[in-house]
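Enquirer: Structure incoming, see below.
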Amino acid sequence: MAFHVEGLIALILFYLAILFVGIWAAWKTKNSGSDGDRSEAIIVGGRDIGLLVGGFTMTATWVGGGYINGTAEAVYVPGYGLAWAQAPFGYALSLVVGGLFFAKPMRSKGYVTMLDPFQQIYGKRMGGLIFIPALMGEMFWAAAIFSAL
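Rendered as C-alpha coordinates:
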(Lines of atoms letter the chains of each structure in order from A and count residues from 1; the text may use other names and numbers.)
(Lines give C-alpha, C1' and ligand atoms only; values in the text may rest on other atoms or scores of the structure.)
Protein backbone atom coordinates (compact mmCIF):
# COMPACT_ATOMS: atom_id res chain seq x y z
CA MET A 1 0.00 0.00 0.00
CA ALA A 2 1.42 3.35 -1.04
CA PHE A 3 1.78 6.23 1.37
CA HIS A 4 0.79 9.61 -0.07
CA VAL A 5 2.62 12.41 1.70
CA GLU A 6 0.71 15.09 -0.23
CA GLY A 7 -2.62 13.66 0.88
CA LEU A 8 -1.48 13.50 4.50
CA ILE A 9 -0.28 17.11 4.38
CA ALA A 10 -3.60 18.19 2.85
CA LEU A 11 -5.53 16.38 5.60
CA ILE A 12 -3.40 17.92 8.34
CA LEU A 13 -3.84 21.41 6.86
CA PHE A 14 -7.59 20.86 6.53
CA TYR A 15 -8.00 19.81 10.15
CA LEU A 16 -5.75 22.62 11.35
CA ALA A 17 -7.96 25.07 9.45
CA ILE A 18 -11.04 23.58 11.15
CA LEU A 19 -9.30 23.85 14.53
CA PHE A 20 -8.37 27.49 13.97
CA VAL A 21 -11.88 28.40 12.80
CA GLY A 22 -13.28 26.74 15.93
CA ILE A 23 -10.86 28.60 18.20
CA TRP A 24 -11.63 31.88 16.45
CA ALA A 25 -15.40 31.30 16.73
CA ALA A 26 -15.09 30.43 20.43
CA TRP A 27 -12.99 33.55 21.05
CA LYS A 28 -15.45 35.71 19.11
CA THR A 29 -18.41 34.28 21.04
CA LYS A 30 -16.67 34.71 24.37
CA ASN A 31 -15.60 38.28 23.67
CA SER A 32 -18.80 39.42 21.94
CA GLY A 33 -19.86 41.33 25.05
CA SER A 34 -23.48 40.29 24.75
CA ASP A 35 -25.25 39.30 27.93
CA GLY A 36 -27.64 36.98 26.07
CA ASP A 37 -27.95 33.26 26.41
CA ARG A 38 -24.65 31.60 25.51
CA SER A 39 -26.30 28.44 24.17
CA GLU A 40 -28.38 30.57 21.82
CA ALA A 41 -25.26 32.29 20.55
CA ILE A 42 -23.58 28.94 19.91
CA ILE A 43 -26.47 26.86 18.57
CA VAL A 44 -28.36 29.39 16.43
CA GLY A 45 -25.61 31.92 15.83
CA GLY A 46 -27.20 34.57 18.02
CA ARG A 47 -30.17 34.47 15.62
CA ASP A 48 -28.14 36.60 13.24
CA ILE A 49 -27.53 34.19 10.35
CA GLY A 50 -28.35 35.67 6.95
CA LEU A 51 -30.51 34.05 4.29
CA LEU A 52 -27.58 32.89 2.16
CA VAL A 53 -25.60 31.34 5.03
CA GLY A 54 -28.79 29.86 6.49
CA GLY A 55 -29.71 28.31 3.14
CA PHE A 56 -26.27 26.78 2.72
CA THR A 57 -26.35 25.53 6.32
CA MET A 58 -29.72 23.84 5.87
CA THR A 59 -28.60 22.30 2.58
CA ALA A 60 -25.42 20.96 4.17
CA THR A 61 -27.46 19.58 7.06
CA TRP A 62 -29.97 17.73 4.92
CA VAL A 63 -27.86 16.66 1.94
CA GLY A 64 -25.39 13.98 2.98
CA GLY A 65 -23.90 10.83 1.53
CA GLY A 66 -27.00 8.74 2.17
CA TYR A 67 -29.21 11.34 0.47
CA ILE A 68 -26.96 11.63 -2.59
CA ASN A 69 -26.43 7.88 -3.01
CA GLY A 70 -30.09 7.08 -2.34
CA THR A 71 -31.31 9.63 -4.87
CA ALA A 72 -28.79 8.48 -7.49
CA GLU A 73 -29.82 4.86 -6.94
CA ALA A 74 -33.54 5.66 -7.17
CA VAL A 75 -33.05 7.53 -10.44
CA TYR A 76 -30.74 4.88 -11.93
CA VAL A 77 -32.86 1.76 -11.24
CA PRO A 78 -34.55 0.74 -14.50
CA GLY A 79 -38.28 1.32 -14.49
CA TYR A 80 -38.23 3.89 -11.71
CA GLY A 81 -36.50 7.05 -12.89
CA LEU A 82 -36.85 10.52 -11.47
CA ALA A 83 -40.46 10.00 -10.35
CA TRP A 84 -39.27 7.60 -7.63
CA ALA A 85 -36.68 10.01 -6.26
CA GLN A 86 -39.08 11.66 -3.83
CA ALA A 87 -36.57 12.83 -1.21
CA PRO A 88 -35.43 16.00 -3.03
CA PHE A 89 -39.00 17.18 -3.50
CA GLY A 90 -40.08 16.20 0.01
CA TYR A 91 -37.06 17.86 1.61
CA ALA A 92 -37.52 21.04 -0.40
CA LEU A 93 -41.24 21.18 0.39
CA SER A 94 -40.68 20.57 4.10
CA LEU A 95 -38.05 23.32 4.28
CA VAL A 96 -40.34 25.82 2.55
CA VAL A 97 -43.37 24.89 4.69
CA GLY A 98 -41.27 24.93 7.86
CA GLY A 99 -39.83 28.30 6.97
CA LEU A 100 -43.18 29.86 6.09
CA PHE A 101 -45.25 28.56 9.00
CA PHE A 102 -42.94 27.68 11.87
CA ALA A 103 -39.79 29.81 11.68
CA LYS A 104 -41.30 33.14 12.76
CA PRO A 105 -43.31 31.83 15.77
CA MET A 106 -40.39 29.70 16.97
CA ARG A 107 -37.98 32.59 16.63
CA SER A 108 -40.26 35.04 18.43
CA LYS A 109 -40.64 32.65 21.38
CA GLY A 110 -36.90 32.01 21.58
CA TYR A 111 -37.00 28.29 20.86
CA VAL A 112 -33.68 26.68 20.02
CA THR A 113 -34.77 23.15 19.01
CA MET A 114 -37.91 21.65 17.48
CA LEU A 115 -38.64 19.90 20.77
CA ASP A 116 -38.74 23.13 22.82
CA PRO A 117 -42.44 23.92 22.10
CA PHE A 118 -43.48 20.40 23.11
CA GLN A 119 -41.42 20.58 26.27
CA GLN A 120 -42.98 23.92 27.17
CA ILE A 121 -46.52 22.62 26.64
CA TYR A 122 -46.23 19.07 28.00
CA GLY A 123 -43.39 19.38 30.52
CA LYS A 124 -39.85 18.12 30.87
CA ARG A 125 -40.82 14.47 31.29
CA MET A 126 -42.71 14.40 27.98
CA GLY A 127 -39.91 16.42 26.36
CA GLY A 128 -37.48 13.72 27.42
CA LEU A 129 -39.78 11.02 26.11
CA ILE A 130 -40.27 12.57 22.68
CA PHE A 131 -36.52 13.02 22.46
CA ILE A 132 -36.18 9.25 21.95
CA PRO A 133 -37.66 9.17 18.39
CA ALA A 134 -35.56 12.19 17.45
CA LEU A 135 -32.45 10.44 18.77
CA MET A 136 -33.31 7.25 16.87
CA GLY A 137 -33.83 9.28 13.69
CA GLU A 138 -30.41 10.86 14.09
CA MET A 139 -28.84 7.45 14.68
CA PHE A 140 -30.43 6.00 11.53
CA TRP A 141 -29.47 9.13 9.57
CA ALA A 142 -25.85 8.70 10.69
CA ALA A 143 -26.01 5.03 9.70
CA ALA A 144 -27.22 6.01 6.23
CA ILE A 145 -24.34 8.44 5.86
CA PHE A 146 -21.80 5.87 7.09
CA SER A 147 -23.16 3.24 4.70
CA ALA A 148 -22.66 5.69 1.84
CA LEU A 149 -18.93 5.97 2.55
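Basically this note's numbering = 1-based index in the sequence shown + 6.
C-beta atoms are modelled at their ideal positions from N, C-alpha and C, and glycine is treated no differently.
Within the region 55-122, note down every full beta strand (DSSP E) run reaching 3 residues or more, in order along the chain.
Expert: none
Enquirer: For GLY143, which residues of its own chain have a beta-carbon under 7 Å away from its beta-carbon, when the five flanking residues on both sides are left out?
Expert: By one-based count along the sequence shown, residue 143 stands at place 137. Taken in chain order, the list of residues that qualify is empty.
Enquirer: Less than 7 Å between C-beta atoms, sequence neighbours within five positions excluded: which residues of the same chain meet that for VAL118?
Expert: Reading the sequence shown from its first residue, position 112 is the one you call residue 118. For VAL118, where only same-chain residues beyond five positions count, the Cβ hits under 7 Å are SER45, GLU46, ILE49 and VAL50.
Enquirer: Between TRP33, GLU12, VAL102 and LEU121, which lies nearest to GLY60 when the distance is taken from Cα to Cα?
Expert: Sequence index remark: in the sequence shown, residue 60 carries index 54 (1-based). Nearest option by C-alpha distance: VAL102.
Enquirer: Can you tell me where the alpha helix (DSSP H) holding PHE20 begins and where it ends?
Expert: Translated into positions along the sequence shown, residue 20 becomes position 14. Counting along the chain, the alpha helix (DSSP H) containing PHE20 begins and ends at 11-36.
Enquirer: Kindly list the residues whose CB is nearer than 7 Å to the CB of PHE137, restricted to its own chain and excluding five residues on each side of it in sequence; keep chain order.
Expert: Position 131 of the sequence shown, counting from 1, holds the residue named residue 137. Around PHE137: LEU121.
Enquirer: By the DSSP assignment, the alpha helix (DSSP H) with LEU141 in it spans what residues?
Expert: The count along the sequence shown starts at 1 and reaches residue 141 at position 135. For LEU141, the enclosing alpha helix (DSSP H) starts and ends at 130-154.
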